[in-house]
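These notes concern the structure reproduced below.
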Amino acid sequence: MAKLFEPISVRGVTSRNRIWIAPMCMYSCENKDGVVNNWHLVHLGSRASGGAGLVMAEATAIRPDGRITPWDAGIWNEEQIKAWQPVTEFIRSQGALSAIQLAHAGRKASTYRAWSGENSVPLSEGGWESVSSTSEAFPGYAAPRELSHEEIKELVGQWVQAAVNSVKAGFDVIEIHAAHGYLVHQFLSPLTNQRTDEYGGSKENRARFLIEIVQGMRKAIGEEIPLLVRFSATDYHPDGFTVEDCSEVAIMCREAGADLFDISSGGLVMGVKIPVGPGYQVPLSQEVSERVEAPVSAVGLITDAKQAEEILQTTDVDIIMIARQSLRDPYWPLRAASELGVEIDYWPNQYARGKYPTN
Ligand SMILES: Cc1cc2nc3c(=O)[nH]c(=O)nc-3n(C[C@H](O)[C@H](O)[C@H](O)COP(=O)(O)O)c2cc1C
């Protein structure tokens with residue numbers, strides 16, 4: 224039996240295999256109200272019928288100014304919660320777990336969609352003032368306003384409320400987006416946090432915002448729902464956040480009630496060299512798993528079934544996350560089972576006549 228198709232349990236839920244669909248922004252809430260629609264249902268739904276163990280919804284804003292673009296999904300009001308419900312119901316009906324990545328973009332908010340090639344949306348065109356740990360702009364973007372101590376406290380409550388809303392929307396698993404240069408990462412990294420209050424300075428202080436979010440969420444969502452944290456384990460910068468820092472913060476998160484760490488990298492600053500290649504972030508996942516007693520996932524240019532299986536066989540990585548390969552092929556997990564010679568019982572009946580010939 225291939226490890227890729229072994230079930231894995233975290234708290235009260237079990238994933239039928241170790242192929243999880245990574246969060247991917249769709250920028251497709253066409254009314255710019257954060258309310259998901261048929262696009263999200265079909266996109267996430269087809270990856271659930273495609274055999275993934277877990278399907279994670281895109282970076283979903285915890286409040287309006289936390290959206291990367293005006294077209295992002297949100298989960299701060301009832302209309303948004305209601306719109307998510309058929310999506311989570313369908314994912315569940317296909318035997319997959321549904322997860323949501325909760326996010327606040329911080330100083331990388333209020334931009335145009337990735338495919339339009341422009342940066343900040345001006346206030347006159349429906350953009351908004353961004354907020355951050357710092358008042359320093361991300362290169363090419365409008366400068367953010369530095370959050371006050373009181374505003375940070377208020378934000379923690381809004382993150383927690385978003386987790387409660389996610390449970391109401393039917394999600395099985397919640398992930399906190401603390402990676403890719405967005406708000407939580409802006410607090411974590413010394414490159415973007417020179418605060419002099421209790422949310423800046425030492426590593427413990429820079430991690431305080433995240434830890435308060437984890438503690439608040441765990442208290443609010445109870446013991447059954449897994450809480451994941453996605454980190455950028457390195458800024459690829461000599462003065463930035465490192466894999467050692469990441470591991471220490473992950474241990475703090477673990478004590479605060481987080482369960483699994485989704486290890487990515489980069490996104491905070493421009494002009495750094497990233498060693499992109501097949502499985503290039505796997506060594507970071509491995510390093511975190513050696514330092515932290517918790518399951519970890521690996522993501523980044525994992526595109527082939529044998530490659531995914533080899534990662535699980537030769538490292539301590541527990542989960543494989545797939546992003547772009549699943550855009551090319553929503554049924555990748557079904558194909559991977561056939562390539563690894565694994566019999567699975569969740570090929571959709573409606574598609575049975577299209578089943579790969581068994582070898
Ligand atoms: C279209 C697209 C949207 C993405 N949106 C998000 C996101 O919302 N949150 C996030 O943490 N990463 C996001 N990512 C990064 C992916 O989750 C993943 O980490 C990255 O693409 C590397 O994995 P891959 O090589 O399998 O694509 C996005 C990637 C793509 C291609």
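Residues in the sequence shown are numbered consecutively from 224, following this note's numbering. Beta carbons: idealized from backbone N, C-alpha and C, even for Gly.
Examine ligand 1 and report whether any of its heavy atoms sits within less than 7 angstroms of the Cβ of residue i.
| i | result |
| --- | --- |
| V310 | no |
| R286 | no |
| I545 | yes |
| S333 | no |
| H400 | yes |
| I298 | no |
| E281 | yes |
| A481 | no |
| H403 | yes |
| I434 | no |
| G184 | Residue 184 falls outside the range modelled here, since the chain spans only 224 to 582, and no answer is possible. |
| V344 | no |
| M591 | Nothing can be reported for residue 591: it is not among the residues displayed for the chain, which extend from 224 to 582. |
| R649 | The requested residue 649 is not part of the displayed model; the chain covers only 224 to 582. |
| I304 | no |
| L325 | no |
| S487 | yes |
| G273 | no |
Please work out which residues of its chain come closer than 8 angstroms, Cβ to Cβ, to residue i, disregarding the five sequence neighbours upstream and downstream, and give them in chain order.
| i | result |
| --- | --- |
| T538 | V505, S508, Q509, S512, A521 |
| E229 | N240, R241 |
| H372 | D420, E421, Y422 |
| R558 | A528, D552, Y579 |
| P287 | G257, G297, W299, W351 |
| V540 | V505, S508, Q509, S512, V519, S520, A521, I534 |
Which residues does DSSP pair with residue i in a beta bridge?
| i | result |
| --- | --- |
| S355 | E369 |
| V519 | F484 |
| F454 | A401, I486 |
| G273 | Its beta-bridge partners do not exist; DSSP assigns none. |
| I242 | I543 |
Excluding the five sequence neighbours on either side, which residues of its own chain have a C-beta within less than 7 angstroms of the C-beta of residue i, listed in chain order?
| i | result |
| --- | --- |
| Q417 | T357, G423 |
| E471 | K426 |
| L320 | V236, S238, G276, L277, D395, V396 |
| T465 | T457 |
| A443 | V383, A386, V387 |
| P501 | L524, Q530 |
| H460 | L414, V492, V495 |
Exposed or buried, what is residue i when buried is set at 16 or more other beta-carbons lying within 10 Å of its beta-carbon?
| i | result |
| --- | --- |
| S232 | exposed |
| E532 | buried |
| V499 | exposed |
| D295 | buried |
| W338 | exposed |
| Q573 | exposed |
| H327 | buried |
| D568 | exposed |
| R431 | buried |
| L346 | exposed |
| P449 | buried |
| S316 | exposed |
| D485 | buried |
| K255 | exposed |
What does the alpha-carbon distance come out to for the pair residue i and residue j?
| i | j | result |
| --- | --- | --- |
| P293 | V519 | 32 angstroms |
| A280 | K578 | 27 angstroms |
| I543 | P556 | 11 angstroms |
| Q324 | M249 | 13 angstroms |
| I497 | A575 | 42 angstroms |
| S343 | Y335 | 6 angstroms |
| C476 | S488 | 18 angstroms |
| L550 | Q308 | 23 angstroms |
| Q303 | P246 | 18 angstroms |
| E374 | P571 | 48 angstroms |
| S269 | G318 | 12 angstroms |
| A479 | W262 | 35 angstroms |
| E301 | V515 | 37 angstroms |
| C469 | K226 | 27 angstroms |
| K331 | G439 | 25 angstroms |
Give every residue of the same chain whose Cβ lies closer than 6 angstroms to the Cβ of residue i, excluding the five residues on either side of it in the sequence, and list them in chain order.
| i | result |
| --- | --- |
| Y364 | N342, S343 |
| A306 | V258, V259 |
| A360 | A366 |
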